[in-house]
Structure formats: structure tokens, C-alpha cells
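The structure appears right after this line, and notes come after that.
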Amino acid sequence: MEKQGHFQTMVRFLGTVAFVDVGILVAVILVCWLLGWRTASQYGNATFFAGIAVIALGVTSIAGGYGTTRSAIYKYGQSVGADTLDQSTRQDMKEIVRSYDFLYLMGAVGLVLVVVGALIQTVFR
């Protein structure tokens, strides 16, 4: 697999953030519509809290990843495998990096939602 440059990585990351944000915004609009929330304040609040929930989801990925890779049962399971200590350590590091990557993605998605929610409340009073 060919390594991507910084620009391509950033464009891909921002595209993913935009795609996830649009999906969540559509879901928020649908939920607001079904619940009978029609004011800008209600839409803004729902979008804001959806952003907070997404950020919290990202934080839980760190907590879950930390607990998994430090678990005695996990370590024992890795020790009886065919991998060497070096390979097991590399795998642990990849899993930790994936947890942080998910946190960064969810943090960016959540931040955009929080800002959009605040803007909806401010602009459409």
C-alpha cells in the first residue's frame, strides 16, 4: 500500500468528517421532525447535543482500547499465539493508534456539529 502525502490525508479526513456530519445532520432533522420540534432553537439544541454525544463516543473508544490492551486476559491470549513479542507489541500499538484516530475523527465531527448547533441558535433567532 502506497503512503499518502499530508495533503491527501487531510483531504480524505475532511471528506470523512463532512460525510459523517451530513449523515448525522439528516438524522437530527428527521428526529426533530418526528418529535414535532420545529423552531430553530430546538433544531440548534438537538444538533448541539448530537455533537456532544459524538465527542463522548470518541472518548469511549480511548477508554475501551486502553482497557482491552492492558487486560491480563488479552495479554495472556496474545502470549499463546504464534506471534513474537515484537509482533504483539506492534499490534498493540496499531490498536492504540486506531483508538486515537477514531477519537480525532469523532472530535472533529462533534465539534462541527456543536458549532452548527450554536450557529443555528444564534443566526435564526
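For the sequence shown, my numbering begins at 2 and goes up steadily by one. Even for Gly, the Cβ is constructed at its ideal location relative to N, Cα and C.
If contacts are defined as beta-carbon pairs under 8 Å, then residue i and residue j qualify, I think. What distance do you get, rounded to the angstrom?
| i | j | result |
| --- | --- | --- |
| A119 | F49 | 6 Å |
| A51 | V29 | 5 Å |
| Q122 | A64 | Q122 to A64, Cβ: 31 Å. No contact. |
Quick check on residue i: does DSSP put it in helix, strand or coil?
| i | result |
| --- | --- |
| F125 | coil |
| R91 | helix |
| T85 | coil |
| R99 | helix |
| T40 | coil |
| V115 | helix |
Along the chain, where does the alpha helix (DSSP H) that runs through residue i open and close?
| i | result |
| --- | --- |
| R13 | 7-36 |
Judging by CA-CA distance, which residue of the options is the nearest neighbour of residue i?
| i | options | result |
| --- | --- | --- |
| R126 | I97, Y44, G24 | Y44 |
| C33 | D22, N46, D84 | N46 |
| L129 | R99, L36, A54 | With the chain represented from 2 up to 126, any question about residue 129 goes unanswered, as that position is not in the structure. |
| M107 | G6, Q9, Q5, A19 | A19 |
| L104 | S62, T10, V12 | S62 |
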